[in-house]
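Report on the structure given below.
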Amino acid sequence: MFEITPIIFQLSNGIRVVYQKTDAFVAHMGVVIQAGSRYEQPEEEGLAHFLEHCIFKGTSKRKAFDIFTDLDSVGGELNAYTTKEEICIHASFRKNHFSIASELLSDILQNASFPEDEIEKEKEVVLDEIISYLDSPAERIYDDFEALIFKGHSLGYNTLGTKETVNSFSRENLLSYMQRYFTPSNIIISFVGSIALDDLKKELENDFGSMPTREFELLNSKISSFESFQLKEMKSNFQTHTVIGGRAPSYNEPSRKSMTLLTNVLGGPALNSRLTLSVREKYGYAYNIEANYTSYSDVGFWSIYMGTDKKYLNKAIQLIYAELELIRKVGLSSKELEQAKEQLKGHIALSLDSNLELMFSLARSLMIHGTIDSTKEIYNKIDSITLAELSNVAKRYYLESNLAELVYDFES
Numbered sequence: 003m004f005e006i007t008p009i010i011f012q013l014s015n016g017i018r019v020v021y022q023k024t025d026a027f028v029a030h031m032g033v034v035i036q037a038g039s040r041y042e043q044p045e046e047e048g049l050a051h052f053l054e055h056c057i058f059k060g061t062s063k064r065k066a067f068d069i070f071t072d073l074d075s076v077g078g079e080l081n082a083y084t085t086k087e088e089i090c091i092h093a094s095f096r097k098n099h100f101s102i103a104s105e106l107l108s109d110i111l112q113n114a115s116f117p118e119d120e121i122e123k124e125k126e127v128v129l130d131e132i133i134s135y136l137d138s139p140a141e142r143i144y145d146d147f148e149a150l151i152f153k154g155h156s157l158g159y160n161t162l163g164t165k166e167t168v169n170s171f172s173r174e175n176l177l178s179y180m181q182r183y184f185t186p187s188n189i190i191i192s193f194v195g196s197i198a199l200d201d202l203k204k205e206l207e208n209d210f211g212s213m214p215t216r217e218f219e220l221l222n223s224k225i226s227s228f229e230s231f232q233l234k235e236m237k238s239n240f241q242t243h244t245v246i247g248g249r250a251p252s253y254n255e256p257s258r259k260s261m262t263l264l265t266n267v268l269g270g271p272a273l274n275s276r277l278t279l280s281v282r283e284k285y286g287y288a289y290n291i292e293a294n295y296t297s298y299s300d301v302g303f304w305s306i307y308m309g310t311d312k313k314y315l316n317k318a319i320q321l322i323y324a325e326l327e328l329i330r331k332v333g334l335s336s337k338e339l340e341q342a343k344e345q346l347k348g349h350i351a352l353s354l355d356s357n358l359e360l361m362f363s364l365a366r367s368l369m370i371h372g373t374i375d376s377t378k379e380i381y382n383k384i385d386s387i388t389l390a391e392l393s394n395v396a397k398r399y400y401l402e403s404n405l406a407e408l409v410y411d412f413e414s
């Protein structure tokens, strides 16, 4: 078993750092800021994602061309992503180029200049991304479903924003958002690679330690109560798309581990998940069917996605509800529970096999929980899941009155 042995420390200004030593020649470093789309005001929908794009467009000492070539020229990679709760800027590189990567990420984080002409060009890029997303019903239905699950709350915002909001963004909006959330106490640096700890500390302190601290407060609007719904929308598709789901535990609730295991049993990545065996393998109603569980700091949601031929839609949906009822009323046997635990532990082991994914995971764990469990501790928590806990979670979250359904249909 690969054991996680991260070292956690702080820079002089309060930036938290998590470091996992490996023997790999390639290193991965990420700067994670708790500043995702849920912290936007209504008129700012999409601003966090737009900032993630524009932050590479120049600094007080570099032009956009230099940002993209400084690391690329030595074979490294620079990238970023935005989620509902975080923005991450990250780099992968040969370990002997650590100082180049660290200084570059520091410059981007602290000295982004957001040139007006680059902002206008990047609007067209993001607008094209929105059009591409709108042209993909399998992606769009997830976001539409989440918008309905969290109706009236920023968690329901589309991370990409809208054409109207993106067109309205200015340099002042970007600088204001950074001023609001880009402060040391809200930043985590995650590093996975073969660099001596003292060298890592010295380089990071030199590059990031002088970033000034500021008082900040995350936007924390109250989440409204959930209202069940069943909606069908007509689209110009060649197949129907369906999402069924509902609210779920936050990542601060103990029941999250039971919810994770149930989701894995129901429609996880394995070919022996219940929905795959039933809807796809037994009846051939769908090529793609999967279950997902997403948790946030104060709430979560679960979903089942399916794409199917229109003629099989109703029968396939009936099968999904039948599986949910079976888990809710009958549950798992002791043998099934043990098999599910081993399968989940195996999936975790596979995810840890990627040092890039490990770097992301360490940052999220530190940001969410303020600490990081060892692999043994993670496995022990999975092993501690009981049939009674699974039953309680299933009866609460899979209850038919707590379910929501969104279907993209089309005229035949």
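Read in our numbering, the sequence shown has 250 at position 248, and its numbers run on one by one without any break. C-beta atoms are modelled at their ideal positions from N, C-alpha and C, and glycine is treated no differently.
Worksheet item: DSSP puts GLN232 in a beta bridge; with which residues?
Response: Along the sequence shown, read from residue 1 onward, the residue named residue 232 stands at position 230. Under the DSSP definition of a beta bridge, GLN232 partners with GLU407.
Worksheet entry | Bounding residues of the alpha helix (DSSP H) (the contiguous stretch that carries MET361) | Along the sequence shown, read from residue 1 onward, the residue named residue 361 stands at position 359. That run of the alpha helix (DSSP H) goes 357-371.
Discussion item. Our contact map puts THR185 next to PHE218 with C-beta atoms below 8 Å; I'd like the distance itself, whole angstroms only.
Written reply: Against the sequence shown, residue 185 aligns to sequence position 183. Against the sequence shown, residue 218 aligns to sequence position 216. With a Cβ gap of about 5 Å, THR185 and PHE218 count as contacting.
Worksheet item: Where do the ends of the alpha helix (DSSP H) carrying ALA103 lie?
Response: Numbered from its first residue, the sequence shown carries residue 103 at position 101. 100-113 is the span of the alpha helix (DSSP H), which, as asked, contains ALA103.
Discussion item. Could you give the first and the last residue of the continuous beta strand (DSSP E) run that contains ALA82?
Written reply: In the sequence shown, counting from the first residue as 1, residue 82 sits at position 80. Run containing ALA82: 79-84, per the beta strand (DSSP E) assignment.
Practice prompt. Would you tell me roughly how many angstroms separate the C-alpha atoms of LEU202 and SER170, rounded to the nearest one?
Written response: In the sequence shown, counting from the first residue as 1, residue 202 sits at position 200. In the sequence shown, counting from the first residue as 1, residue 170 sits at position 168. Straight-line measurement puts the Cα of SER170 at about 41 Å from the Cα of LEU202.
Item to complete: List the whole-angstrom C-beta distance separating SER172 from ARG40, where the pair is believed to meet the contact cut-off of C-beta under 8 Å.
Response: The sequence position of residue 172 within the sequence shown is 170, counting from 1. The sequence position of residue 40 within the sequence shown is 38, counting from 1. Wrong, their Cβ atoms sit about 22 Å apart, outside the cutoff.
Worksheet entry | For GLU1, the nearest candidate out of TYR83, ASP119, ILE143 (CA to CA) | There is simply no residue 1 to check, as the chain begins at 3 and stops at 414 in what is shown.
Worksheet item: With GLU79 and SER94 assumed to form a contact (beta carbons below 8 Å), what rounded beta-carbon distance in angstroms separates them?
Response: Stepping through the sequence shown from its first residue, residue 79 is reached at position 77. Stepping through the sequence shown from its first residue, residue 94 is reached at position 92. Sure, about 5 Å apart at Cβ, within 8 Å.
Worksheet item: If we count the other Cβ atoms within 10 Å of its Cβ and call it buried at 16 or more, is ARG366 buried or exposed?
Response: Against the sequence shown, residue 366 aligns to sequence position 364. Counting every other CB atom within 10 Å of its CB across the protein chains shown gives ARG366 a total of 16 or more, marking it as buried.
Discussion item. Comparing C-alpha positions only, which one of ILE6, ARG249, MET31, VAL127 sits nearest to GLU205?
Written reply: Stepping through the sequence shown from its first residue, residue 205 is reached at position 203. Sorting ILE6, ARG249, MET31, VAL127 by C-alpha distance to the C-alpha of GLU205 places MET31 at the top.
Fill in: Neighbourhood of ASP25 by C-beta distance below 8 Å, restricted to the same chain and skipping five residues each side
Counting from 1 along the sequence shown, the entry for residue 25 is found at position 23. For ASP25, same chain residues with a beta-carbon under 8 Å away, outside a window of 5 residues either side, are SER196 in chain order.
Discussion item. Using only the alpha-carbon positions, how far apart do ILE110 and LYS97 sit?
Written reply: Translated into the one-based positions of the sequence shown, residue 110 becomes position 108. Translated into the one-based positions of the sequence shown, residue 97 becomes position 95. Answer to the nearest angstrom: the Cα atoms are 20 Å apart.
Worksheet item: With DSSP run on the structure shown, which of helix, strand or coil describes GLN12?
Response: For the purposes of this step, residue 12 is taken as residue 10 along the sequence shown, with counting starting at 1. Under the three-state reduction of DSSP, GLN12 is assigned to strand.
Discussion item. Need the endpoints of the alpha helix (DSSP H) that ASN266 sits in, please.
Written reply: Locating residue 266 in the sequence shown gives position 264, counting from the first residue. That run of the alpha helix (DSSP H) goes 258-269.
Fill in: CA-to-CA distance, LEU273 to GLN320, given in whole angstroms
Within the sequence shown, residue 320 is the residue found at index 318, counting from 1. Within the sequence shown, residue 273 is the residue found at index 271, counting from 1. So the two alpha carbons sit approximately 20 Å from each other.
Worksheet item: Can you list, in chain order, the residues of its chain whose CB lies under 8 Å from that of LYS165, leaving out five sequence neighbours each side?
Response: As a position in the sequence shown, residue 165 is number 163, starting the count at 1. Within the same chain, LYS165 has close Cβ partners LEU129, ILE132.
Fill in: Distance between LEU13 and VAL19 (C-alpha atoms, nearest Å)
Counting from 1 along the sequence shown, the entry for residue 19 is found at position 17. Counting from 1 along the sequence shown, the entry for residue 13 is found at position 11. In a straight line, the C-alpha of VAL19 is about 7 Å away from that of LEU13.
Worksheet item: Count the other CB atoms within 10 Å of the CB of PHE152; is the residue buried (16 or more) or exposed (fewer)?
Response: By 1-based counting over the sequence shown, the position of residue 152 is 150. Residue environment analysis places PHE152 among the buried positions, since at least 16 neighbouring C-beta atoms fall within 10 angstroms of its C-beta.
Worksheet item: Buried or exposed: LEU199, going by 16 or more other Cβ atoms within 10 Å of its Cβ?
Response: On the sequence shown, residue 199 is found 197 positions in, with the first residue counted as 1. Counting Cβ neighbours within 10 Å, LEU199 comes out exposed, since fewer than 16 surround it.
Worksheet item: Does the Cβ-Cβ distance between ILE190 and LEU368 come in under 8 Å?
Response: Taking the first residue of the sequence shown as position 1, residue 190 is located at position 188. Taking the first residue of the sequence shown as position 1, residue 368 is located at position 366. In this structure, ILE190 sits near LEU368, with a CB-CB distance shorter than 8 Å.
Discussion item. Quick check on GLN345: does DSSP put it in helix, strand or coil?
Written reply: Within the sequence shown, residue 345 is the residue found at index 343, counting from 1. DSSP places GLN345 in helix when its eight states are reduced to three.
Worksheet item: Between which two residues does the beta strand (DSSP E) carrying ASN222 extend?
Response: As a working note, residue 222 is residue 220 in the sequence shown. If you look at ASN222, you'll find it isn't in any beta strand (DSSP E); DSSP assigns it neither H nor E.
Practice prompt. Mark VAL409 as exposed unless 16 or more other C-beta atoms lie within 10 angstroms of its C-beta, in which case mark it buried.
Written response: As a working mapping, residue 409 is identified with position 407 in the sequence shown. In the assembly as shown, VAL409 is a buried residue. Its beta-carbon has 16 or more other beta-carbons within 10 Å.
Practice prompt. Measure how close the beta-carbons of ALA396 and ILE329 come, nearest whole angstrom, since I'm counting them as under 8 Å.
Written response: As a working note, residue 396 is residue 394 in the sequence shown. As a working note, residue 329 is residue 327 in the sequence shown. With a beta-carbon spacing of about 5 Å, ALA396 and ILE329 fall inside the 8 Å limit used to define contacts.
Worksheet item: In terms of alpha-carbon separation, which member of ASP209, PHE228, ILE121, SER101 lies closest to PHE147?
Response: As a working note, residue 147 is residue 145 in the sequence shown. Among ASP209, PHE228, ILE121, SER101, the Cα nearest to that of PHE147 belongs to PHE228.
Worksheet item: Nearest-angstrom Cα distance between LEU220 and GLN43?
Response: Along the sequence shown, one-based indexing puts residue 220 at 218. Along the sequence shown, one-based indexing puts residue 43 at 41. The alpha-carbon atoms of LEU220 and GLN43 are separated by roughly 11 Å.
Worksheet entry | C-alpha gap between ASP137 and ASP145, whole angstroms | Here residue 137 is taken as the residue at index 135 of the sequence shown, counted from 1. Here residue 145 is taken as the residue at index 143 of the sequence shown, counted from 1. Roughly 13 Å separates the two Cα atoms.
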